[in-house]
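Under the working numbering, the first residue of the sequence shown is numbered 902, with each subsequent residue one higher.
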Amino acid sequence: MIVGKFILVAVIGYLMGAIPFALIISKRIAGIDISKHGSGNLGGTNVLRVLGFKAGAITMALDLAKAFVPVMLAKFIIGDDVLYVAGFALNWQWGQVITALMVMVGHSWSVYIKFRGGKGAAAYFGSWFAIWPVAALVGGAILILTVWLSRYMSLGSIISSLGVLCLFAVLTLFDVSPPVYLVYSVVAAGLIVYQHRSNISRLQAGTESRMGLGRK
């Protein structure tokens, strides 16, 4: 029964994370397949660049929500149950982290669109709003500051995820937060960096697109 709850929240997380809101909004508002325009990425940033602020903001808000809802739901589904794996106790906090990771996996490799997807940054921050809102606010502030200074959204996503990782390294060291959140921040940051590997190459080459400025 307890194993079933963990499987359930993981499946819910993946299926909700896999909803391609960038594709849905772009078709709804402009009748286009956003994967064939701009950078081709199925995320809010590409929608923002191609279709403007309104469409981009709606997409980003929905991507945040599709992470927030299942991660919050996981807490109530798991409840006070504890799953023991090789003597290690997995509680609702682990349930939330597992769900959050599955949301990111679903967003990046959606079963609805032949395992294509976005890069997971919005889903990542949406999960933190459910798990530890202060982390989402800190990460969001780092992202905004980085984008404001550099005009690179990709760089903002990478640095903000690494910033949250550093935050939880400190919080875990001083026993302010449970280690499970550090585990999540490490794995999620790794996934975001991996998904931005092409952006990193373009940043190094000086050809990455800047927000509002086209290509450098």
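C-beta: ideal position from N, C-alpha, C; glycine also.
TODO: Can you grab the Cα-Cα spacing for the pair Val1035 / Val910, in whole Å?
DONE: Within the sequence shown, numbered from 1, the residue matching residue 1035 stands at position 134. Within the sequence shown, numbered from 1, the residue matching residue 910 stands at position 9. Spanning the two alpha carbons is a distance of roughly 23 angstroms.
Open item on the list: Taking its Cβ as the centre, do 16 or more other Cβ atoms sit within 10 Å of Trp1049, making it buried, or is it exposed?
Closed with: On the sequence shown, residue 1049 is found 148 positions in, with the first residue counted as 1. Exposed, because fewer than 16 other Cβ atoms sit within 10 Å of the Cβ of Trp1049.
Task: Ranges of the beta strand (DSSP E) found wholly within the stretch 935-965, counting only runs of at least 3 - done: none
Open item on the list: According to DSSP, is Ala990 part of a helix, a strand, or is it coil?
Closed with: Numbered from its first residue, the sequence shown carries residue 990 at position 89. In the structure shown, Ala990 sits in a strand (DSSP, three-state: E or B).
- [ ] Give the range of the alpha helix (DSSP H) segment to which Gly1041 is assigned.
- [x] Residue 1041 sits at position 140 when you count from the first residue of the sequence shown. From DSSP, the alpha helix (DSSP H) with Gly1041 extends over 1034-1051.
Open item on the list: Does Ser1110 come out as helix, strand or coil in the three-state DSSP assignment?
Closed with: Within the sequence shown, the letter at position 209 stands for residue 1110. Here Ser1110 sits in strand by DSSP.
- [ ] Note down, in chain order, each residue of its chain lying with its Cβ closer than 6 angstroms to the Cβ of Trp1010, except the 5 sequence neighbours on either side.
- [x] Counting from 1 along the sequence shown, the entry for residue 1010 is found at position 109. Taken in chain order, the residues that qualify are Phe1016, Gly1018.
Open item on the list: Which of the three DSSP states is assigned to Ser1078 in this structure?
Closed with: Sequence index remark: in the sequence shown, residue 1078 carries index 177 (1-based). Residue state, collapsed to three classes: coil.
- [ ] Would you be able to state if there are at least three C-beta pairs under 8 angstroms between the stretch 990-1007 and the stretch 967-975?
- [x] yes
Open item on the list: Across the stretch 931-945 and the stretch 973-985, are there enough close Cβ pairs to call them in contact, namely three or more that are closer than 8 angstroms?
Closed with: no
- [ ] Return the Cβ separation of Ala1022 and Ile913 in integer angstroms, given the expectation that the two are a contact with Cβ distance under 8 angstroms.
- [x] Here residue 1022 corresponds to residue number 121 of the sequence shown, with the count starting at 1. Here residue 913 corresponds to residue number 12 of the sequence shown, with the count starting at 1. That pair is no contact at about 21 angstroms.
Task: CB contact flag (Ala1024, Met1054, <8 angstroms) - done: Residue mapping note: residue 1024 aligns to position 123 of the sequence shown, counting from 1. Residue mapping note: residue 1054 aligns to position 153 of the sequence shown, counting from 1. Taking 8 angstroms as the Cβ cut-off, Ala1024 and Met1054 do not qualify as a contacting pair.
TODO: Can you tell me which of Trp995, Lys1020, Gly996 puts its alpha carbon nearest to the alpha carbon of Gly1007?
DONE: Residue numbering aside, residue 1007 sits at position 106 when the sequence shown is read from its first letter. If we check each option's Cα against that of Gly1007, Lys1020 comes out closest.
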